[in-house]
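Undergrad: Going left to right, the first sequence walks through residues 11 to 411 as the numbering used here numbers them.
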Amino acid sequence: MSSQKEDQSKDLFLHADGDSFFVACELTRRPDLKGKPVVVGEDRGIAVAMSPEAKKLGVTRGMPTFRIKKLFPEVVILPHHFDLYLEISGRMRQILSSYAREVEEYSIDECFARVRPSEIKYFGGEKNFLKELKEEIEKTLGVTYSLGLARTKVLAKQASKLEKPGGMVALLSREDEMKALKATPIGEIWGIGRRTVPKLTALGVGTAYDLVRYPEGEMAKKFSRPVLDLKKELSGEEIFEVRSNVDPRSQKSIQATATFRPASANPSVIWRELARNAEEACGHAREVRLASNKISFFVKSSEFKYRYGEAKLLFFSSDPGAVLNAIEPEFPKLLRKRERIRSTGVILQNLLREEKAPLDLFGRQMEALKRTRVEETADKIRKKFGKGSIGRASSMRRKKD
DNA sequence: TCTGGGGTCCTAGGACCC
DNA sequence: TCTGGGGTCCTAGGACCC
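This is the structure in structure tokens:
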């Protein structure tokens, strides 16, 4: 066992992570802003992505934009252009698919892939492989990605982080792996969050290396599957698969949430916001032709306390009217006197493809579909004349209070 | 940090059945 | 019922992610 020879026949895992992705995409349209401190998030009121120059100034993720403006007036703050990000992200995966066997769209700015050793050999080794891939992405798209190549998904994910931005890290020898694990604090491992860090620290586990070295049996007594899986992955054991070709219609939930200002304790204001959430979520569901029969919704107080409610539908629907009817009796239970609410949300769960939605005995399904058609008409009107032009009465009733 | 929005997976425990 | 053991399904909620 001592001279573990690296298995030449096994696929490797690649992780690609867009560098300051949203900002980088914006710069493809605004080359004049290159080298300047730029932040995306104008429309959300917080910094969602920062250019390296903005980070250097001290802008952090989540910082309110009003504060950025006050502290760093030289920062350029831009709104989102999601269509642009989606397009660049899609083209990135297309490029990657000519280098890799399977490609997983993990998020808008990250993907995983499986790479054949023969492919790497073809490029003359992992260094060249990564370099060619990186250059093609950069040349074609005008944005940069950090790349990580390793024996497992989690190792690849850690590898891409090591030299970000613009990183190209292959963690292939055991020595390199160990060095990387020792340099990785436990909290920086993908999948170890705020709650788990203190538990591990209490055991004297401070780095990824400590985690790998900790006796498995002891670990299993104190932690459950997610942590144990991570330990294995970091040790080089393949647990997580690359999930390519995931059907977007197999989505489990659709949610729409929004923060409003000022926060309000007025039930009709809060209800109006929920109605908008319901319309948004249902609109999205109709676009992908999914329907739900289980709705959860929440209010979030100005103290950031969440309160959830739940309602069942007797049939599958994507009609905001049906959703709101179901929610209505539960709604008052979430409210507390004088508690001010800053945001609300509606989550459609238990999604089913519209064409598979069962007809119920009383034909309510048909009723729902008919109403869906009414909503579709409304969707078209909105598309044509803008979002505010039509809505349910409940969300149109602005300015009553 | 006066702090946005959209997701997934895992687990414990209860309901129900044989 | 002063009752054993085992299985499945569902739900609430925790934890984590970008």
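Even glycine gets a Cβ: it sits at the ideal position worked out from N, Cα and C.
1) Does the region 47-64 come within contact of the region 145-160, defined as at least 3 CB pairs closer than 8 Å?
2) Asp27 lies in the beta strand (DSSP E); which residues open and close that run?
3) Between the Cα of Leu240 and those of Asp257, Thr217, Ser274 and Asn255, spot the shortest distance and give me the residue it belongs to.
4) Leaving out the 5 sequence neighbours to the left and right, which residues in its chain are closer than 6 Å to Arg184 when beta-carbon positions are compared?
5) DSSP puts Phe307 in a beta bridge; with which residues?
6) From Leu210 to Ala285, what distance separates their C-alpha atoms?
7) Excluding the 5 residues flanking Val33 on each side, which residues of the same chain have their C-beta closer than 6 Å to its C-beta?
8) Please return the same chain residues whose Cβ sits closer than 8 Å to the Cβ of Val222, not counting the five positions on each side in sequence.
9) Please report the distance separating the alpha-carbon of Asn138 from that of Ala110.
10) In terms of DSSP beta bridges, what is Ile351 paired with?
11) Using the three-state DSSP reduction, which class does Phe76 fall into: helix, strand or coil?
12) Can the beta-carbon of Ile202 be found closer than 9 Å to that of Asp220?
13) Here's a check: name, in chain order, each residue in its chain whose Cβ is nearer than 7 Å to the Cβ of Ala295, leaving out the five neighbours to either side.
14) Determine the closest residue to Asp42 out of Cys121, Phe23, Val86 and Gly68, with distance taken between C-alpha atoms.
15) Between the beta-carbon of Arg101 and the beta-carbon of Asp21, is there less than 9 Å?
16) Using only the alpha-carbon positions, how far apart do Ala212 and Gly227 sit?
17) Should Phe23 go down as buried or exposed, given a rule of 16 or more other Cβ atoms within 10 Å for buried?
18) Taking the C-alpha atoms as reference points, what is the distance between Asp411 and Ser312?
19) Residues bridged to Ser114 by DSSP?
20) Spatial neighbours of Leu96 within its chain, please: C-beta separation below 8 Å, excluding the five flanking residues on both sides.
21) Could you tell me whether the Cβ atoms of Ile130 and Val164 are closer together than 9 Å?
22) Closest to Thr354 by C-alpha separation, out of Pro368, Lys315, Leu362 and Lys347, would be which residue?
23) With a threshold of 16 other CB atoms inside 10 Å of the CB of Gly177, please say whether the residue is buried or exposed.
24) Going by the CB atoms, is the gap between Phe308 and Leu344 shorter than 9 Å?
25) Tell me which residues share the same chain as Ala180 and place their Cβ nearer than 6 Å to its Cβ, disregarding the 5 neighbours each side in the sequence.
26) According to DSSP, is Ser19 helix, strand or coil?
27) Would you grab the beta carbon distance between Ile273 and Ile351 for me? Rounded to a whole angstrom, and I think it's under 8 Å.
28) Given this structure, state the Cα-to-Cα distance separating Gly331 from Leu324, to the nearest angstrom.
29) What do you reckon, are the CB atoms on Val207 and Val113 nearer than 9 Å?
30) Between which two residues does the beta strand (DSSP E) harbouring Val86 extend?
TA: Taking the definition as stated:
1) As far as the Cβ criterion goes, the region 47-64 does not touch the region 145-160, which means the pair count is below three.
2) Following the DSSP letters along the chain, one finds Asp27 inside the beta strand (DSSP E) bounded by residues Leu22 to Gly28.
3) Here the closest residue by C-alpha is Thr217.
4) Around Arg184: no qualifying Cβ.
5) Bridge pairing for Phe307: Gly319 and Val356 [DSSP].
6) Computed Cα separation, rounded: 43 Å.
7) These residues qualify, in order along the chain: Val48, Val50, Ala59 and Ser61.
8) Around Val222: Leu191, Lys241, Leu244 and Ser245.
9) Cα to Cα, the separation comes out at about 14 Å.
10) The partner list for Ile351 (beta bridge, DSSP) reads Ser274 and Ser311.
11) Of the three classes helix, strand and coil, the one that applies to Phe76 here is helix, per DSSP.
12) Contact flag unset, no.
13) Answer for Ala295: Ile264, Ala301, Ser302, Ser328 and Leu358, listed in chain order.
14) Comparing Cα-Cα distances from Asp42 to each of Cys121, Phe23, Val86 and Gly68, the minimum goes to Val86.
15) For Arg101 and Asp21, no; Cβs fall outside 9 Å.
16) About 17 Å.
17) Result: buried.
18) With a pLDDT of only 32 at Asp411, under the threshold of 50, the placement of this residue in the model should not be trusted; the figure read from the coordinates follows. Taken atom to atom, the span from the alpha-carbon of Asp411 to that of Ser312 is near 19 Å.
19) Contrary to the premise, residue 114 reads as Glu rather than Ser in this sequence. Bridge partners of Glu114: Phe122.
20) Cβ within range, chain order: Ile118.
21) For the pair Ile130 and Val164, the CB atoms are not nearer than the 9 Å cut-off.
22) Of Pro368, Lys315, Leu362 and Lys347, the residue nearest in Cα terms is Lys315.
23) By the neighbour-count rule (16 or more Cβ atoms within 10 Å), Gly177 is buried.
24) In terms of Cβ geometry, Leu344 and Phe308 form a close pair [threshold 9 Å].
25) Result list for Ala180: Glu136 and Leu159, in chain order.
26) Ser19 falls in the coil class under three-state DSSP.
27) The question names Ile, but residue 273 is Ala in the sequence shown. Indeed, because the Cβ distance is near 6 Å, the residues count as touching under 8 Å.
28) So the alpha carbons of these two residues sit roughly 13 Å apart.
29) No. Outside cutoff.
30) Segment Val86 to Leu88, the beta strand (DSSP E) holding Val86.
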